[in-house]
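> Below you'll find the structure I mean.
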Amino acid sequence: IMTWAYWREDIDMAEMGLVDVPTFASRLYHGYTQYAKTLAEILPAAQKPRIAPVNLAFLLIHEENYSFWKNNLFGEDNFHPSPSGTYLAGCVIHATIFGQLPIHPPTLDMTIDSLWGKARAMQF
21 IMTWAYWRED IDMAEMGLVD VPTFASRLYH GYTQYAKTLA EILPAAQKPR IAPVNLAFLL
81 IHEENYSFWK NNLFGEDNFH PSPSGTYLAG CVIHATIFGQ LPIHPPTLDM TIDSLWGKAR
141 AMQF
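Using this note's numbering, the first residue of the sequence shown is number 21, and each one after it goes up by one.
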């Protein structure tokens with residue numbers, strides 16, 4: 021799982037060389053892809069590593085709907101995913117494993133009842 025970039029006001033992100041979320045996401049992307057490339061060189065072809073690009077899904081929402089990214093994808097600590105962020109991550113992981121989106125189209129509705137209803141439907 022390629023983890024997501026986040027932004028916390030209570031941490032000096034610039035001190036870590038992270039000037040914005042796209043920069044953070046880019047560093048994560050390059051780190052994960054380099055790691056996968058290194059593993060691919062030493063593992064048998066049947067064990068080629070795959071990366072679930074959750075980071076890229078979070079970044080896409082950051083770029084296209086910043087308000088939703090900021091207010092809906094993270095929990096209270098602004099680091100761990102909210103139920104919406106977890107659902108998004110689950111859809112990306114599903115697509116990585118099975119090569120297609122879940123049978124029930126993934127949506128990030130604004131209501132938690134709708135979100136959990138769809139998540140439960142995907143279990144059956």
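Think of the CB as a built atom: it goes at the ideal place given N, C-alpha and C, for glycine as much as any other residue.
Which residue or residues does DSSP assign as beta-bridge partners of F94?
P101
> Leaving out five residues before and five after H82 in sequence, what residues of the same chain have Cβ atoms less than 6 Å from its Cβ?
V41, W89
> Return helix, strand or coil for Y171, following the three-state DSSP convention.
This structure gives no information on residue 171, because the portion of the chain shown stretches from 21 to 144.
> What is the DSSP secondary structure of G37, reduced to helix, strand or coil?
In the structure shown, G37 sits in coil (DSSP, three-state: anything other than H, G, I, E or B).
> Suppose you measure from the CA of A115 to the CA of T43; what does that come to, to the nearest Å?
25 Å
> DSSP state of L25, grouped into three classes?
The question names Leu, but residue 25 in the sequence shown is Ala. Under the three-state reduction of DSSP output, A25 falls in the coil class, being neither helix nor strand.
> Smallest Cα separation from P73: which of D97, L93, L108?
L108
> To the nearest angstrom, report how far apart G110 and G119 are at their CA atoms.
13 Å
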